[in-house]
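Asker: One structure, as structure tokens, below. Some questions next.
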Amino acid sequence: MVPVPRSSSSAPTARPTTAPTSVLPGIAFCLFAALLALGVQQLLPAVSALLVAILLGIVTANVVRLPETLRPGIAVSAKRLLRLGIVLLGLSLALDDIFGLGWPVLLVVVAVVTLGLVGTVVLGRLVGVGRAQSVLIAAGFSICGAAAVAAVEGTIEREDEEVANAIGLVVVFGTAMIGLAPAVLALTGLAPEVQGLIAGGAIHEVAQVVAAGGIIGGGALAVAVVVKLARVLMLAPVILVLGLVERRRTAGAPVAGAARPPLVPLFVAGFILAACVRTFVPLPDVAFDVAKTAQVILLSAAMFALGLGVSLAAFRRAGVRPILLGALSTTLVATVATTGMLWVS
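By the count of UniProt numbering, the sequence shown reaches residue 345 at its end, each step adding exactly one.
Written out as structure tokens, the structure reads:
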């Protein structure tokens, strides 16, 4: 297994001086895996390339011992390619579509993210899960899955295994929700559009929401995706708030030679700018189609790299408590989403 190297602190002491050529093999490896995942999605449209990439990374990490020459490029893919992919994800967010949901639905989205984050951290404390692990799980389950975990981990002090465990839990519980949410919602007799509102508010990953919305059918898919993208838009303010909280927590204990991370990371600013471009700049559809393909490839490569850091042995070392927190967080987010969407429907 080749772990993805990250420091255990959010404040880097120095930039690596890795030669550009030394990262090329690992980046090429991750991009090749991304293209494989994209090929699977082409053959099986109901299957997400991002999910395939994560699973492929997890299997590879726990079955194959990769050469050390791939390590620098894998680290770059897990961070730099991820951030580029998140910026391009902003081009999927037409702000007028999101605001078209109406303020009652948007308030429910804010409640889902806020209560999901705060509630999961509180539940983590109650079941004995560490603060950093709880925050990472909360971000992944409340906002947008593995991408949120990877985006948030740069703002807090955390260990590599905590990041990998949170990503693994997002995969497990989010995948379970693809089948579970439509099955439970089918028993309610609610209109497909209302079921879509609930699915978009309750399920972790964008790709998982797409899969579940397709299973529900009718007008559920379009509504579910827009609600989910509204949750994705919450990534920017959440990172801003977490950055402020972390600065306050560490203000009295500066690390020698370390620079504080920016209050608003550059990729978050790029994400917001991209959403504004999608909304206000009249670009041709082909430009957005190309950006969408690039986004899927970059995020799939990053998800594969992150999957390479998921160790089954690390899960065993972590014990049952993070798994219990994942179950509780899933239940909490789904409950808030269901209650809120029924209230505004």
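Yeah, the Cβ is synthetic: ideal placement off N, Cα and C, and Gly gets one too.
Could you have a look at ILE98 and say whether DSSP puts it in helix, strand or coil?
Answerer: helix
Asker: DSSP on VAL232, reduced to helix/strand/coil?
Answerer: helix
Asker: Suppose you measure from the CA of THR339 to the CA of ARG131; what does that come to, to the nearest Å?
Answerer: 28 Å
Asker: Evaluate the contact criterion for the stretch 300-316 versus the stretch 70-80: three or more CB pairs, one atom per stretch, below 8 Å.
Answerer: yes
Asker: Quick check: ALA53 and ALA33, are their CB atoms within less than 8 Å of each other?
Answerer: yes
Asker: Within its chain, find whatever has a CB closer than 7 Å to the CB of GLY85; leave out the 5 residues flanking it on each side and keep chain order.
Answerer: GLN295, LEU298, LEU299, ALA302
Asker: Would you kindly check if the distance between the Cβ of GLY326 and the Cβ of ILE137 is under 8 Å?
Answerer: yes
Asker: Can you tell me whether ALA191 is buried or exposed, with buried defined as 16 or more other CB within 10 angstroms of its CB?
Answerer: exposed
Asker: To the nearest angstrom, report how far apart GLY213 and VAL152 are at their CA atoms.
Answerer: 27 Å
Asker: Look at the alpha carbon of ALA230 and the alpha carbon of ALA236, and state the distance between them as a whole number of angstroms.
Answerer: Roughly 11 Å between the two C-alpha positions.
Asker: Measuring alpha carbon to alpha carbon, tell me which of ILE198, LEU81, LEU95 ends up nearest MET177.
Answerer: Of the candidates ILE198, LEU81, LEU95, ILE198 places its Cα closest to the Cα of MET177.
Asker: Which whole-angstrom value describes the C-beta separation of LEU50 and LEU36, a residue pair presumed to lie in contact below a C-beta threshold of 8 Å?
Answerer: Not quite, the Cβ-Cβ distance comes to about 13 Å (not below 8 Å), so this is no contact.
Asker: Have a look at GLY189, ILE203, VAL344 and flag the residue whose alpha-carbon is nearest the alpha-carbon of PHE173.
Answerer: ILE203
Asker: Looking at the structure shown, is LEU308 part of a helix, part of a strand, or coil, going by DSSP?
Answerer: coil
Asker: Rounded C-beta distance between GLY309 and ASP97? I'm assuming under 8 Å.
Answerer: Not confirmed; about 34 Å, so no contact.
Asker: From the DSSP output, in three-state form, read off ARG278 for me.
Answerer: helix
Asker: Give the straight-line distance between the Cα atoms of VAL127 and ALA164, rounded to the nearest whole angstrom.
Answerer: The straight-line gap from Cα to Cα measures roughly 20 Å.
Asker: At a cut of 8 Å, does the stretch 140-154 reach the stretch 273-292 through at least three beta carbon pairs?
Answerer: no
Asker: At the level of alpha carbons, what is the spacing between THR175 and LEU266?
Answerer: 31 Å
Asker: What residue from CYS30, PRO104, ALA275 has the CA that sits closest to GLY73's CA?
Answerer: CYS30
Asker: Roughly how many angstroms separate the alpha carbons of ALA111 and GLY124, rounded to a whole number?
Answerer: 19 Å
Asker: Kindly indicate the opening and closing residues of the alpha helix (DSSP H) around ARG71.
Answerer: 71-76
Asker: On the DSSP letters alone, give me the boundaries of the alpha helix (DSSP H) that VAL209 sits inside.
Answerer: For VAL209, the uninterrupted alpha helix (DSSP H) run begins and ends at 206-216, by DSSP.
Asker: Quick check on THR330: buried or exposed, where buried means 16 or more other Cβ atoms within 10 Å of its Cβ?
Answerer: buried
Asker: In the DSSP assignment, find the alpha helix (DSSP H) that holds PHE173 and state where it starts and stops.
Answerer: 160-186
Asker: What residue from VAL277, VAL336, ALA186, LEU332 has the CA that sits closest to LEU88's CA?
Answerer: VAL277
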